[in-house]
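Here the working numbering = 1-based position in the sequence shown + 73. Think of the CB as a built atom: it goes at the ideal place given N, C-alpha and C, for glycine as much as any other residue. All figures in this text were calculated on a predicted structure; none of them were measured in a lab. The next block holds one structure in the form of structure tokens; read it before the comments.
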Amino acid sequence: MSDGPVDGGPDAVRAGWRNTTHDWAGTVDHAHLAGIRRAPATYAPGGVRHLVLEVLAYAADEAECTGRGRAVVTAHADGSVSVADDGRGTDTRLDASGRPVKKPVMATKDLRFFDAPDATGISDMSNESGAPGAPGAPGAPGAPDTSGASGVPDTSGAQTLPDGHPRRGMSVVAALSDWLVHTNRRAGGAWTQRYEHGIPVTDLTPVPDDGTTGTTIRFRPSAALRGTVDASGAAGWPPYLTVEVRTAD
């Protein structure tokens with residue numbers, strides 16, 4: 074499958090969308106994903122527990138925006154983990170042809186942690202809109218790249234997750250998973266998409282509307298990163314996010 078049809082190609086409408094956490098013009102950043110896969114110990118210290126925290130961080134972003142939120146972490150028998158929240162869903166818009174375009178949160182870098190690691194949090198789940206970012210702003214033309222020559226971000230000012238390690242974004246989870254399925258429910262529609270090692274292998278596929286909104290990420294970490302997920306490993310979030318940990322029957 075080609076990269077272009079998966080998240081939609083750039084057009085005049087997308088060119089006017091303001092970049093906040095990710096570059097709307099992007100689809101798949103192969104070099105970025107490959108760099109993560111080469112350094113699993115750097116990007117996922119502690120294995121699956123850190124990956125769960127990376128996903129929960131987006132639920133926490135959304136809960137902070139809305140004032141409250143709930144996430145359910147489920148460990149499955151096949152070694153996969155799902156994280157489901159009750160937020161507004163990942164930002165999804167229509168391009169010039171009316172085709173839905175999801176913010177490329179899985180296959181491109183989070184600009185806050187790779188281009189501007191000291192930036193304040195902006196929710197990936199919110200319904201963001203507006204003019205393109207000003208020159209020099211994170212994700213805008215001329216924005217500084219503060220990552221080192223190795224491609225590993227400078228984390229001196231990065232957000233820290235409850236495990237004490239820096240936050241780097243959802244692309245870390247996607248890149249370090251054999252597969253990942255992103256189910257996204259918005260007020261205006263619902264879709265699912267599958268990734269393997271961070272690369273999308275399906276288009277956005279519509280799913281029936283069940284009257285809810287939120288995001289469910291189910292992923293199976295690479296074998297070396299698998300382990301036990303329990304309540305202690307998902308704790309430490311602010312009070313506006315409630316986290317429940319379950320084991321699937």
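Beta-carbon proximity check, residue i vs residue j, cutoff 8 angstroms
i: N323; j: K175; result: With the chain covering 74 to 322 only, the question about residue 323 has no answer from this structure.
i: R240; j: T94; result: no
i: V245; j: A117; result: yes
i: T286; j: G140; result: no
i: V302; j: V316; result: no
i: A133; j: L314; result: yes
i: G271; j: A247; result: yes
i: A263; j: V280; result: yes
i: P177; j: G99; result: yes
i: T181; j: D283; result: no
i: A169; j: V86; result: yes
i: A321; j: A107; result: no
Span of the beta strand (DSSP E), counted from its first residue to its last, around residue i
i: Y268; result: 262–269
i: S250; result: 250–259
i: P173; result: 173–175
i: L167; result: 165–167
i: P294; result: 287–294
i: L298; result: Taken as a continuous stretch (DSSP letters only), L298 belongs to no beta strand (DSSP E), as it is neither H nor E.
i: T315; result: 314–320
Selection from the options that minimises the alpha carbon distance to residue i
i: F187; options: E135, D134, M243, R161; result: M243
i: R267; options: R259, G261, D276, A144; result: D276
i: A306; options: M179, A248, V125; result: Reading off the sequence shown, one finds Gly at residue 306, where the question assumed Ala. Closest by alpha carbon: V125.
i: V146; options: M179, A308, P312; result: A308
i: W90; options: T165, G160, H105; result: T165
i: V128; options: G284, L234, V274, A304; result: L234
i: W310; options: H105, A104, A136; result: A136
i: G142; options: H103, D158, H255, A130; result: D158
i: M179; options: G237, H103, A144; result: H103
i: A304; options: A148, C138, A112; result: A148
i: D251; options: V154, H105, D183; result: V154
i: M130; options: T278, T265, A231, L167; result: Correcting the residue type first, residue 130 is Ala in the shown sequence and not Met. Of the listed residues, the one whose Cα sits closest to A130 is A231.
i: H105; options: G237, A144, L249, C138; result: L249
Residue i - containing alpha helix (DSSP H), residue span
i: L184; result: 184–187
is_contact[residue i, chain D] using C-beta, thresh 8 angstroms
i: A148; result: No chain D appears in the structure shown, which is made up of a single protein chain.
Assumed close pair residue i, residue j - CB separation to whole angstroms, cut-off 8 angstroms
i: R293; j: G152; result: 5 angstroms
i: I290; j: V156; result: 5 angstroms
i: D122; j: G300; result: Residue identity check: residue 122 is Arg in the sequence provided, not Asp. Contact flag correct, Cβ pair sits at about 7 angstroms.
i: G160; j: T288; result: 6 angstroms
The ligand ZN heavy atom lying under 7 angstroms from the CB of residue i
i: T265; result: You won't find the ligand ZN in this model; it holds no ligand whatsoever.
Please list the segments of the alpha helix (DSSP H) lying wholly inside the segment 91–161, counting only runs of 4 or more residues, in order along the chain.
With a minimum length of 4 residues, the continuous alpha helix (DSSP H) runs that stay inside the segment 91–161 are 103–111, 113–116, 121–139.
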